[in-house]
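What follows is a single structure, written as structure tokens, with notes after it.
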Amino acid sequence: MKKKCLLFVAAALMLGTLTGCFRSVDELFTLPKLPEEYQNLQEKIEEVTTGTGAEYAAPIMGANNQPVQLQDLDGDGVMEALAFFRVSSSSDDKPLKIYIFRLTDEGYELGAVIEGEGSAINSISYEDLSGGPGKELVVSWLVSGNAYVLSVYSIEQYQAAEVLRTGYTSFELQDLDMDNRKEIAVVRLDTIEGKSRVEFYDAEENDLVLRSSPMLSQGVTGIVTDGVQTGYLRGDAEGNTTVPGLFITSYQGEGVVTDIFAWRDGALENITLESSEAGSGVGVSNSTRRSKDDAMPTDINDDNFLEIPMPMPLISSGGTTTAETLYTWIQYDLTGTGTPVFTTYHNFDDGWYFILPDWWENKITVSQYSTIGEKATAFSLWTGEDQEPQTFLTIYKLTGPNRYTRSRMGDRFTLTADENTIYSAELKTDAWDCGLDAAGVQELFKQSTTDW
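Quick note: the sequence shown uses the working numbering, first residue 20, plus one each step.
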């Protein structure tokens with residue numbers, strides 16, 4: 020145990036010293052000598068864990084996933100040390116332990132212990148929720164299977180007080196009411212009664228209180244993977260040009276729906292919900308319902324506002340392979356009103372998308388074909404079912420040893436390239452003047468940076 024403690028503490032403390040300097044061979048093969056106070060920390064950890072059957076149990080999710088962590092919890096400029104353990108004693112109904120050690124003139128000593136039920140510590144974060152000098156501990160406990168409990172602890176005079184405890188499906192820490200402090204938005208699915216909601220907790224003195232609990236759309240059965248996102252909306256006429264929002268994408272029937280929550284009129288509201296009965300708070304966000312979940316809300320145009328992808332019908336061309344659906348990206352404001360930004364064609368398999376000019380609307384069809392080392396996506400002018408579509412733009416994904424030669428065949432020009440792949444394109448203006456030249460195609464072609 021002593022050797023393990025020393026290694027864990029050394030790793031935590033020496034991580035920041037490895038960059039920006041060069042060492043001799045002898046120095047590189049010399050183990051770092053820990054400062055005296057951290058040698059003391061190792062001994063104190065041993066004291067409280069010896070004989071308990073304790074083993075390190077670092078949080079399994081999130082950025083704070085080290086078995087020993089340093090944090091200034093009380094805002095005095097001195098780091099406290101936190102060590103995470105699971106004890107194997109059958110008589111202990113709270114086997115998960117978070118030991119908090121404080122630094123004194125004599126070295127580290129045990130200050131407080133937080134205990135939890137379950138099989139693992141899922142995550143921990145350190146947040147100033149109350150506006151005081153210190154930080155609260157936001158701990159997610161994995162109870163069993165997919166059952167989680169969220170606890171928030173305040174540390175006063177090294178006494179840990181649990182100020183919030185609730186089950187949850189997902190949660191986010193975000194300053195939604197724009198008071199320069201984060202709040203907790205807890206997502207709770209109720210698939211039995213169909214009354215899923217977001218509980219909004221805010222600090223009041225030394226406690227966390229439930230400010231509001233707006234409903235999600237009726238009939239949601241589960242949250243899409245990575246379906247809880249924070250982003251920004253366009254603001255209101257009162258000078259708030261950007262407003263933080265919470266975007267929750269859930270399964271509903273055979274499709275998905277995104278509920279958008281924002282702070283409005285002194286409460287967190289579902290601004291896209293269309294109530295089935297006035298004032299009931301129960302309904303569906305019909306404007307964001309869609310049949311596909313291949314694309315997720317994202318800031319597609321890099322303007323700092325999150326957009327929602329709405330699938331659009333594409334004329335069938337009878338091509339070799341059915342093309343992907345088009346997406347019109349909708350940006351929302353605080354009133355819940357959506358405004359189209361642009362429409363894109365997404366090739367998910369090949370990792371790119373293309374922004375369609377407005378004047379292409381209802382005029383084109385898309386088909387795909389491939390050979391060894393070459394995958395082609397053809398954009399064609401649609402003139403009717405009795406006529407063959409005329410291809411005016413083809414985008415190629417080229418791989419293999421002869422990709423450079425193939426990227427220069429005919430009138431092809433390069434869009435972008437990396438060490439393994441070349442994306443090229445070819446325009447045929449004799450088929451249809453699509454309003455773009457090579458530079459215009461390059462500007463509208465984008466590689467996907469989001470892994471949906």
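Idealized CB from N, CA, C, for every residue including glycine. What you are looking at is a predicted structure, and each value in this text was computed from that prediction instead of being measured.
DSSP places Gly186 in no alpha helix (DSSP H) but in the uninterrupted beta strand (DSSP E) bounded by 178-187. Per DSSP, Thr123 is one residue of the beta strand (DSSP E) stretching across 115-123. Asn199 and Arg253 have their C-alpha atoms some 19 Å from each other. Contact between Val168 and Glu155 does not hold, since the beta-carbon distance rounds to 16 Å and is not under 8 Å.
Contact annotation, Tyr145 with Val132: C-beta distance approximately 17 Å; criterion of less than 8 Å not satisfied.
The beta carbons of Gly130 and Glu175 sit about 11 Å from each other, so the pair does not count as a contact at 8 Å.
As computed with DSSP, Asn366 is found in a beta bridge with Trp371. With contact defined as three or more Cβ pairs closer than 8 Å, the stretch 417-424 and the stretch 391-400 are in contact.
Closest in C-alpha terms to Ser467, from the list Arg230, Ala204, Tyr372, comes Tyr372. Gly250 sits in a strand when the DSSP states are folded into three classes.
Following the DSSP letters along the chain, one finds Glu224 in no beta strand (DSSP E), marked with neither H nor E. Excluding residues up to 5 positions away in sequence, Tyr251 lie with their Cβ nearer than 6 Å to the Cβ of Asn323 in the same chain. At a Cβ-Cβ threshold of 9 Å, Phe266 and Ile327 count as neighbours. The alpha-carbon separation between Asn439 and Arg422 amounts to approximately 9 Å. DSSP places Leu89 inside the beta strand (DSSP E), whose first and last residues are 87-90.
Gln271 and Leu235 have their C-alpha atoms roughly 11 Å apart. Per DSSP, the continuous beta strand (DSSP E) segment holding Arg283 begins and ends at 274-283. In terms of Cβ geometry, Val275 and Arg230 do not form a close pair [threshold 9 Å].
Between Arg105 and Leu92, the C-beta spacing is not below 9 Å. Burial state of Val97 is exposed, judged by a 10 Å Cβ sphere holding fewer than 16 other Cβ atoms.
For Thr469, the closest of Glu181, Cys453, Thr317 by C-alpha to C-alpha distance is Thr317. Cβ atoms of Leu333 and Thr384 come within 8 Å of each other, at about 7 Å. A straight-line Cα-Cα distance of about 14 Å links Thr261 and Gln193. Per DSSP, reduced to three states, the secondary structure at Ser306 is helical. DSSP, read as helix, strand or coil, puts Ile267 in strand.
DSSP places Lys63 in the helix class (H, G or I) of the three-state scheme. Residue burial is scored here from C-beta neighbours: Trp160 has at least 16 other C-beta atoms within 10 angstroms and is therefore classed as buried. According to DSSP, Tyr423 shares a beta bridge with no other residue.
Three or more pairs of CB atoms, one per stretch, sit closer than 8 Å, so the stretch 300-314 contacts the stretch 274-291. Annotated as distal: Lys201 and Phe120, with beta-carbon spacing of 9 Å or more.
When the Cα atoms are used, Val205 and Thr188 turn out to be separated by approximately 8 Å. The C-beta separation of Gly429 from Glu445 comes to about 6 Å, placing the pair in contact by the 8 Å criterion. Annotation for Leu455: no alpha helix (DSSP H) segment contains it, and DSSP assigns it neither H nor E.
Between the alpha carbons of Gly241 and Val158 lies a distance of about 23 Å. Contact annotation: Ile143 and Phe103 have beta-carbon atoms nearer than 9 Å.
About 16 Å separates the beta carbon of Thr435 from that of Thr413, a gap too long to meet the 8 Å contact definition.
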